[in-house]
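Colleague: Each residue of the sequence shown is one higher than the last, beginning at 1 in the UniProt record's numbering.
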Amino acid sequence: MTRGTTDGKMPPAPILTGNRMARPREFDEQVVLDALVHCFWSRGYEATSVRDLIERTGLTGASLYNAFGDKRALYRRALDHYVEAGTADRIRRCEAMEPLQAIRAFFDEILRRSLDDGERKGCMLVNAALEAAPDDEASRAAVTGALLRLETFFLESLREGQASGTITSAFAAEDLARHLLGVLMGVRVLARTRPEPALLAGVVAPALALLEPVRARQG
Numbered sequence: 001m002t003r004g005t006t007d008g009k010m011p012p013a014p015i016l017t018g019n020r021m022a023r024p025r026e027f028d029e030q031v032v033l034d035a036l037v038h039c040f041w042s043r044g045y046e047a048t049s050v051r052d053l054i055e056r057t058g059l060t061g062a063s064l065y066n067a068f069g070d071k072r073a074l075y076r077r078a079l080d081h082y083v084e085a086g087t088a089d090r091i092r093r094c095e096a097m098e099p100l101q102a103i104r105a106f107f108d109e110i111l112r113r114s115l116d117d118g119e120r121k122g123c124m125l126v127n128a129a130l131e132a133a134p135d136d137e138a139s140r141a142a143v144t145g146a147l148l149r150l151e152t153f154f155l156e157s158l159r160e161g162q163a164s165g166t167i168t169s170a171f172a173a174e175d176l177a178r179h180l181l182g183v184l185m186g187v188r189v190l191a192r193t194r195p196e197p198a199l200l201a202g203v204v205a206p207a208l209a210l211l212e213p214v215r216a217r218q219g
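Structure below.
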């Protein structure tokens, strides 16, 4: 498992100390990536300056650029690190569960993290989707890939549940997966301004109820 952030709680803001060496690999890359995530997640791409990144990581601008590339490349590396440490880790844990339980557990965790987000920084992936510049194809591709990963998790869980009869077959698995992805995005955006338990739970509950077989809903 990649050591780093999850998308609910920001790690302690790591600041590297010691000699700012010109040789770019004489530092703990994971700690630097945590620091980059901290900056970009809390401020966003545009509002984060190179000076912010230098101060947070303790590295020189030359060291950062030599190791990771320009500011956009730094942002993409931070986003990849965030996704792997948070979203991908959550998917791996939920995939070990039964299909319907997996989807419920996924959204339970999303609700907890959204409501515990005292800084209202939201989800870095969703923030990146909203902030992506039209000319930044690499960043948009990274966001698209992460969203597709989420949709695939939903789709595979739904297909498995439909095959076992634990998830309704009244709707195509593909349509349900897209619906769940939309619910997820909506919850994460709403939580930035209205982190209210009743509101967020009220968005998720009908979507989860829709997955139950008709006989279960009637019961």
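Every residue gets a Cβ at the ideal spot worked out from N, C-alpha and C, and that includes glycine. All values reported here derive from a predicted model rather than from experimental measurement.
1. Should the region 70–81 be called in touch with the region 135–151, which here means at least 3 C-beta pairs below 8 Å?
2. Using 8 Å for Cβ pairs, my map puts residue 236 next to Leu130. What's the rounded Cβ distance?
3. List the whole-angstrom C-beta distance separating Pro99 from Thr166, where the pair is believed to meet the contact cut-off of C-beta under 8 Å.
4. The alpha helix (DSSP H) spanning Lys71 covers which residue range?
5. Would you mind stating whether Val214 and Ala170 have Cβ atoms separated by less than 8 Å?
6. In whole angstroms, what separates the C-alpha of Leu208 from that of Ala132?
7. Quick one: what's got a C-beta closer than 8 Å to Leu150's C-beta in the same chain, skipping five residues either side?
8. Return the CA-CA distance between Asp108 and Leu210, expressed in angstroms with no decimal places.
9. Going by beta-carbon coordinates alone, are Arg77 and Val126 separated by less than 8 Å?
10. Please report the distance separating the alpha-carbon of Leu79 from that of Gly44.
11. Can you tell which of Ala47, Ala163, Thr57 has its C-alpha closest to the C-alpha of Ala128?
12. Taking the alpha carbon of Thr152 as the point to measure from, which residue in Ile103, Ile54, Arg56, Gly186 has its own alpha carbon closest?
13. Report the option in Glu174, Ala141, Leu147, Ala146 whose CA atom is closest to the CA atom of Arg159.
14. To the nearest angstrom, how far is it from the Cα of Asn66 to the Cα of Thr57?
15. Count the other CB atoms, across all protein chains shown, that sit within 10 Å of the CB of Gly118; report buried if there are 16 or more and exposed otherwise.
16. Kindly indicate which residue of Gln30, Arg194, Asp28 has the alpha-carbon position closest to the one of Lys121.
17. Taking the straight line between their C-alpha atoms, what separation do you get for Glu55 and Phe68?
18. Determine, using beta carbons only, whether Ile103 comes closer than 8 Å to chain B.
19. For the candidate residues Pro206, Ser114, Phe27, whose alpha-carbon lies nearest to that of Ser63?
20. Out of Glu95, Ala35, Pro206, state which residue places its alpha-carbon closest to the alpha-carbon of Phe106.
21. Are Ala35 and Val83 close, meaning C-beta to C-beta below 8 Å?
22. Taking the alpha helix (DSSP H) that Ile110 belongs to, which residues open and close that run?
23. Measuring straight from C-alpha to C-alpha, what distance separates Val203 and Val31?
Modeller: Reading off the structure:
1. Result yes; three or more Cβ-Cβ pairs closer than 8 Å.
2. In this structure the chain extends from 1 to 219, so residue 236 is not present and cannot be described.
3. About 6 Å separates the Cβ atoms of Pro99 and Thr166, confirming a contact at the 8 Å cut-off.
4. From DSSP, the alpha helix (DSSP H) with Lys71 extends over 71–85.
5. It is a contact, given that the beta carbons lie within the stated cut-off.
6. Rounded to the nearest whole angstrom, the CA to CA distance from Leu208 to Ala132 is 30 Å.
7. If you ignore the 5 residues before and after Leu150, its C-beta comes within less than 8 Å of the C-beta of Thr87, Ile91, Leu181, Leu184, all in its own chain and listed in chain order.
8. Going by C-alpha positions, Asp108 is about 16 Å away from Leu210.
9. Against a cut-off of 8 Å, the Cβ pair of Val126 and Arg77 comes out as no contact.
10. Approximately 11 Å, taken between the alpha carbons.
11. Selected option, being the one with the closest Cα: Ala47.
12. If we check each option's Cα against that of Thr152, Ile103 comes out closest.
13. Among Glu174, Ala141, Leu147, Ala146, the Cα nearest to that of Arg159 is on Glu174.
14. So the two alpha carbons sit approximately 14 Å from each other.
15. Exposed, since its Cβ has fewer than 16 Cβ neighbours within 10 Å.
16. With respect to the C-alpha of Lys121, the residue from Gln30, Arg194, Asp28 having the closest C-alpha is Arg194.
17. Between Glu55 and Phe68, the C-alpha separation is close to 16 Å.
18. The displayed structure is made up of one protein chain only, and chain B is not part of it.
19. For Ser63, the closest of Pro206, Ser114, Phe27 by C-alpha to C-alpha distance is Phe27.
20. Proximity to Phe106 across Glu95, Ala35, Pro206 peaks at Glu95, based on C-alpha coordinates.
21. Contact: no.
22. Segment 99–115, the alpha helix (DSSP H) holding Ile110.
23. For Val203 and Val31, the distance between alpha carbons rounds to 36 Å.
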